[in-house]
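Participant:
Residue numbers (the numbering used here): 24 to 117.
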């Protein structure tokens, strides 16, 4: 069977996806979402903002990361907890 990974490395697939994913009504790409919701570029993003943006992914048109409800806050906390438990090498978190 022929997989996408045979054509592109996983990192490049993720890069492409991050640039086209719909992150809200008319907001395409992670960078555009960061600018729209938080007024920052990827370099200025905090871990909390990153987790909040990831938390909206199942329903980016229905949830607003600047006005999180209980469920969205719970999802954000869960993502941050999983990041903490994963013990990523510090150089990957910069």
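Note that CB positions come from ideal geometry on N, CA and C, so glycine has one too.
Keep in mind the model is a prediction, meaning the values are calculated, not measured.
#1: Does the Cβ of residue 104 have 16 or more other Cβ atoms within 10 Å, making it buried, or fewer, making it exposed?
#2: Can you name the residues that DSSP bridges to residue 50?
#3: Would you call residue 81 buried or exposed, if buried means 16 or more other Cβ atoms sit within 10 Å of its Cβ?
#4: Exposed or buried, what is residue 36 when buried is set at 16 or more other beta-carbons lying within 10 Å of its beta-carbon?
#5: With a threshold of 6 Å on Cβ separation, who are the neighbours of residue 46 within its own chain once the five nearest residues in sequence on each side are excluded?
Facilitator: In short, the structure shows the following:
#1: Flag for residue 104 reads exposed.
#2: For residue 50, which the question treats as bridged, DSSP gives the partners 47.
#3: Classification of residue 81: exposed, given that the 10 Å Cβ count is below 16.
#4: Burial state of residue 36 is exposed, judged by a 10 Å Cβ sphere holding fewer than 16 other Cβ atoms.
#5: Excluding residues up to 5 positions away in sequence, 56, 83 lie with their Cβ nearer than 6 Å to the Cβ of residue 46 in the same chain.
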